[in-house]
Amino acid sequence: MRKKRKKAVCCLLALAMVCSMTGCTTYNNFKAAFFPGSKAEQEQTIKIGIYEATSGKLSDQGKAEVKGIELAHDLYGTVLDKKVELVYGDNQSSMYVGETVIQELISQNPSVILGSCGETVTLMASDYIKAASIPAITISSTNPLITANNEFYFTATFAETRQGDALADYAFTGRGKDVVATVKLSSDDTATATIKRFTNRMKKLSENDRCIVGSFELPQDTGDYTDVIEKIRESGAKAVFLAVPPSTARAFLQQAVDQRMTHITWLGGRSWDDEDLLNFVKSQKKLDIAYPSDFSQKVSTARTEEFVKAYKEKYGEGEEPSEATAVAFDAYLLALQAIEDAQNTVMELTEEEVRSRYETEATQKAAIAEWKQARETGIPTGRQIKLMLEQIKNFQGASGIISYNGKNEAAKSITINRISGGQEQPAYNVE
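Quick look at the structure:
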């Protein structure tokens, strides 16, 4: 046994030297496996896993999300009178690396896993998370397959298609635009679904099936949008849902300015929260655009103020938090609330009450075993935490009000940001 431990120490030292240069997460996992600490220390710690892309092509987004988690942890570092330990796993923006990383993360028995940005790496991790019965909260991934195929994977942001409803509410109710058109890139299936939600909502609000005066597609093989812009002019649309990525939107809007099509309100998706695009719009005094987001300091809760204050204290008064950081902050706090609610429920229930909630003998035995485990350790199981996450309603987050209503998709208020005359205008909130 002494030889084995000596060998482990040598391996750990060697691994530490390598990881000090590479920043790998395997070091932490190795250390946890061979040197887990005393039983008492483990029982006084609740782990939250961070499955994020902190290197690779998605690293900017991943690091922004980790910032929010760590900021929340700075403010709320305990739950159930136990220390919360953050356990990290860098998927390197790769589904192949992520497959190993998520298994290593799960092996450390976190109560909840947060992340990841990037839909491919998130979807890849889904089966492992489901098999382990560990609830996970994705911060920015919105592919509906993530939640549809896994009851343990939750979102902290609104579904991509719900943008359509929010933009229609803003256009009709907020701005009085009752004649609209839509534009998308050809073969963009996600945009097709979002546009359908937008047009259906517009028809319902206006009580006029003819309020949609044009549905246009941009060719993939050219950057010349002259013909489409002219057709929009001829349609008489007062607002246009331009469901294209920021790079395409910038080129399109530049051509719209060149063709003197600046009397229209241009509506975009959440991806328009892009520095290059927004700087361009601000330089064009005649443009009027609006786009949805999870977060705005202009539409806030008490927690928004707490979040912004803490962010500026940590990173500097001149620094502005991103949407991703605000949503990640909320994801951590949602996890803590679910953990606390789960354990409180365990302590309130009797064994007979637990038994009465299940029909078959097998499910009763499993539930009672988990109930006993949580009472003995003081830490709820993943299944118990998942059930409490589903029940969260009207959670006052930094990024808005979040409810799950018995599901794993967030029902959430959406902020519509507007830039007009080169200036940011008051934001509009859609519940």
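Heads up: the sequence shown begins at 116 in the working numbering, then just goes up one per residue.
Each residue gets a CB set at the ideal place from its N, CA and C atoms; glycine is no exception.
No experiment lies behind these values; they were computed from the predicted model shown.
Asn544 has Thr530 as its beta-bridge partners, per DSSP.
Annotation for Tyr268: the continuous beta strand (DSSP E) segment containing it runs Tyr268 to Thr270.
Contact between the stretch 222-229 and the stretch 245-260 is present: 3 or more CB-CB pairs across the two stretches fall below 8 Å. Restricting attention to Ala358, Ile454, Lys346 and Leu238, the CA atom closest to the CA of Phe313 is found in Ala358. In this structure, Thr262 and Asn523 form a Cβ contact; the two beta carbons are roughly 5 Å apart against a cut-off of 8 Å.
Closest option to Ala296, judged by alpha-carbon separation, among Val202, Thr530, Gly383 and Gly230: Gly383. Annotated three-state conformation of Asp205 is strand, per DSSP. DSSP places Phe510 in the strand class (E or B) of the three-state scheme. Where Phe422 is concerned, the enclosing alpha helix (DSSP H) starts and stops at Ala417 to Tyr430. Separation of the CB atoms of Gly171 and Lys397 is rounded to 31 Å, and the pair is thereby denied contact status at 8 Å.
At least 8 Å separates the beta-carbon of Gly233 from that of Ile165.
DSSP places Phe444 inside the alpha helix (DSSP H), whose first and last residues are Glu438 to Glu463.
Each of Gln458, Thr416, Gln479 and Asn323 was checked against the Cα of Glu467, and the nearest Cα belongs to Gln479.
By alpha-carbon distance to Leu260, the top candidate from Ser241, Ala271 and Lys319 is Ser241. Cβ-Cβ distances below 8 Å link Lys318 to Asp324, Cys326 and Ile327 in the same chain, with the five nearest sequence neighbours on each side left out; the list follows chain order. Remark: C-beta atoms of Asp388 and Ser535 do not approach each other more closely than 8 Å. In the three-state reduction of the DSSP assignment, Gly279 falls in the helix class.
Gly515 carries a strand assignment under DSSP once its states are collapsed to helix, strand and coil. If you draw a straight line from the Cα of Thr492 to the Cα of Lys527, it comes to about 34 Å.
In the DSSP assignment, Leu382 falls within the unbroken beta strand (DSSP E) covering Thr380 to Leu382. Here Met462 is exposed, its C-beta having fewer than 16 other C-beta atoms within 10 Å. Cβ neighbours of Ala477 within its own chain (closer than 8 Å, five residues either side excluded): none.
Rounded to whole angstroms, the separation of the alpha carbons of Thr235 and Tyr211 is 10 Å. Across the structure, Gly213 and Lys245 are spaced so that their CA atoms are roughly 15 Å apart. Asp339: not part of any alpha helix (DSSP H); DSSP gives it neither H nor E.
Judged by DSSP secondary structure, Ala296 falls within the beta strand (DSSP E) whose first and last residues are Val295 to Leu300.
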